[in-house]
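**Q**
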Amino acid sequence: MRTFDGSPRLAVIGGGPTGLMAAETARAAGVEVHLFEAKGSVGRKFLIAGKGGLNLTHSEPRPGFDARYRERAAEIARWLDGFDAAALRAWAAGLGVETYAGSSGRVFPRDHKAAPLLRAWVHRLREAGVQFHVRHPWQGWAADGALCFATPEGERHVQAQAVVLALGGGSWPQLGSDGGWIDTLHARGVAIAPLRPANCGFDIGWSPHLATRFAGAPLKPVVAHWHDAAGRAQALQGECVLTETGIEGSLVYAIGADLRDAIARDGSTLLHLDLVPGRDEARLASDLGKPRKGRSLGEHLRRQAGLDAAKCALLFEVLGPPSAQDGPPDMARIAACLKRLPLRLHAPRPLAEAISSAGGVRLEDLDGQLMLRRLPGVFCAGEMLDWEAPTGGYLLTACLASGHLAGAGAARWLQART
1 MRTFDGSPRL AVIGGGPTGL MAAETARAAG VEVHLFEAKG SVGRKFLIAG
51 KGGLNLTHSE PRPGFDARYR ERAAEIARWL DGFDAAALRA WAAGLGVETY
101 AGSSGRVFPR DHKAAPLLRA WVHRLREAGV QFHVRHPWQG WAADGALCFA
151 TPEGERHVQA QAVVLALGGG SWPQLGSDGG WIDTLHARGV AIAPLRPANC
201 GFDIGWSPHL ATRFAGAPLK PVVAHWHDAA GRAQALQGEC VLTETGIEGS
251 LVYAIGADLR DAIARDGSTL LHLDLVPGRD EARLASDLGK PRKGRSLGEH
301 LRRQAGLDAA KCALLFEVLG PPSAQDGPPD MARIAACLKR LPLRLHAPRP
351 LAEAISSAGG VRLEDLDGQL MLRRLPGVFC AGEMLDWEAP TGGYLLTACL
401 ASGHLAGAGA ARWLQART
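Here the sequence shown is numbered in the UniProt record's numbering, starting from 1 and rising by one per residue.
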């Protein structure tokens, strides 16, 4: 066992965006900061997100922006008061990264790359004096209160005057967010909500034909119809994708919390898709009732309803494949199904596959600076907290905002004790 040669005033554990922001904020306040990361480099999940263009934030104005955080909207609004979408864009500009808002309102770097931003950020942190320690997975606390890390050279103990935990949730565990911190904090009396998948796909159970022929096929545009947690009917237009086991994509992620919670409550839930938005059922039935002139039903659906092969396959998956023995197809029935195609969702995809996770350290166990009430001097931030957000930049914005708040809170707590 090795002890740390020097006692950092603040140890930040976790080298994702949340931890990096906490380190930056505390260091800017004059605090000595050491950052510890389990993997061999920082920002790995951030770089993976960059493969999709790096959606940094969203241009939606507040308070609509705040409402995206559902039941945690009030708490996260306070985080955003200190670091909101505009502050995030200004912060990126300070790193030499120009951003723009797309037609959907999502905000991206002009070059759509994560690596240049991350390199500039880490360089600035090093120049500011933040000290990095990689390959340091955290193992909890020793009997004397020291932080324990398992390193390639053996166990290492670090005495710190304050700690920011930014350990992530449970999604993409291969990148470091494996939920391994749960038992450690639970043993200290910290209340933790079970981790659940968020921004994930759902299992339906397709026939072998659809699963093998149409996995990866997009469905666009479609309108989803479902019921929220209060039982209210909801509708949202967007795009999704067929998978081997079910359905995923931006539209599904946007409503996924309601779907997941309904499955947890009832064992399954029903999602309806309008495959032909913009055309009412009566008109659709009239269009489909036109003579087929010897064309196949699939070709007729393409010509009269604009259906592509994937939508046709999905329709036949629900109604059954067309058969000459059944006689002429019932176009009114087909039109009704196209406007409200029922899909029974049986389970969310596993947490390890999800873009993010819900659950974690309950916010009620934290004070206004994100310090654990049971563990003075220990702050928590980011996805390890009990909140969730849809894709679209909302997740990353709140992670950075919480890191900013925890880093500032840790600096104030330390300065009050000098």
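Quick reminder that beta carbons are idealized off the backbone N, C-alpha and C, glycines included.
#1: Short of 7 Å in beta carbon distance, which residues of its chain neighbour V361, apart from the five on each side in sequence? Order them along the chain.
#2: Using a threshold of 8 Å, state whether the C-beta atoms of T269 and L259 are closer than that.
#3: When the Cα atoms are used, what is the spatial distance from H112 to G52?
#4: Can you have a look at R106 and say buried or exposed, based on whether 16 or more other CB atoms are within 10 angstroms of its CB?
#5: Starting from the C-beta of D178, find all residues in its chain whose C-beta is less than 7 Å away, skip the five residues before and the five after it, and write them out in chain order.
#6: Could you spell out where the alpha helix (DSSP H) holding R302 opens and where it closes?
#7: So which of V130, E153, L165 has the shortest CA-CA distance to L147?
#8: What is the DSSP secondary structure of I182, reduced to helix, strand or coil?
#9: If you follow the beta strand (DSSP E) that I13 is in, where does it begin and where does it stop?
#10: Among A74, V122, D330, which one has its Cα closest to the Cα of S41?
#11: So, is V318 buried or exposed, given that buried needs 16 or more other C-beta atoms within 10 angstroms?
#12: Just checking my contact of R340 with H225 at CB under 8 Å: how many whole Å lie between their CB atoms?
#13: Tell me whether K45 is buried or exposed, calling it buried when 16 or more other Cβ atoms sit within 10 Å of its Cβ.
#14: In the DSSP assignment, what residue or residues form a beta bridge with I192?
#15: Within this structure, are the beta carbons of G43 and G16 separated by less than 8 Å?
#16: Between V378 and the rest of its own chain, which residues show a CB-CB distance below 6 Å, the 5 nearest in sequence each way excluded?
#17: Taking 6 Å as the limit between beta carbons, can you name the residues of its chain near I13, skipping five residues before and five after?
#18: According to the neighbour-count rule (16 or more other Cβ atoms, all chains shown, within 10 Å of its Cβ), is G403 buried or exposed?
#19: Report yes if the C-beta distance between C200 and I355 is below 8 Å; otherwise report no.
#20: How far does the alpha helix (DSSP H) with L315 in it reach, from first residue to last?
#21: If you count every other CB in all the chains shown that lies within 10 Å of the CB of T391, and 16 or more means buried, which is it?
#22: Output the distance between the C-alpha atoms of Q159 and T18, rounded to the nearest integer angstrom.
#23: Pair every Cβ in the stretch 85 to 93 with every Cβ in the stretch 50 to 68, then say whether three or more of these pairs are closer than 8 Å.
#24: For the stretch 97 to 161, which segments carrying the beta strand (DSSP E) assignment without a break, of at least 3 residues, lie completely within its bounds, in sequence order?
#25: Decide if A115 is buried, meaning its Cβ has at least 16 other Cβ atoms within 10 Å, or exposed.
#26: Near F68, what residues of its chain come up, given a Cβ to Cβ distance below 7 Å and the 5 sequence neighbours on each side ignored?
#27: Using DSSP with H/G/I as helix, E/B as strand and the rest coil, what is W172?
**A** Let's see:
#1: Counting only Cβ-Cβ distances below 7 Å, and skipping sequence neighbours, we find L185, V190, I192, C380, M384, L385, D386.
#2: yes
#3: 8 Å
#4: buried
#5: G170
#6: Secondary structure note for R302: its alpha helix (DSSP H) is the uninterrupted segment 297 to 305.
#7: L165
#8: Look at I182 here: in three-state DSSP terms it is helix.
#9: 10 to 13
#10: V122
#11: exposed
#12: In this structure R340 touches H225 by the C-beta definition: roughly 7 Å separates them, less than 8 Å.
#13: buried
#14: By DSSP's assignment, I192 forms a beta bridge with V361.
#15: Cβ distance < 8 Å, so G43 and G16 count as in contact.
#16: V163, L372
#17: F36, W138, L165
#18: By the neighbour-count criterion, in which a residue is buried when 16 or more other Cβ atoms sit within 10 angstroms of its Cβ, G403 is buried.
#19: Result yes, Cβ atoms of C200 and I355 sit closer than 8 Å.
#20: Looking at the DSSP string, the run of the alpha helix (DSSP H) that includes L315 is 309 to 319.
#21: buried
#22: 22 Å
#23: yes
#24: 99 to 101, 106 to 109, 131 to 133, 138 to 141, 147 to 151, 154 to 158
#25: exposed
#26: Note on residue identity: the sequence assigns Arg, not Phe, to residue 68. Within the same chain, R68 has close Cβ partners A389, P390, Y394.
#27: coil
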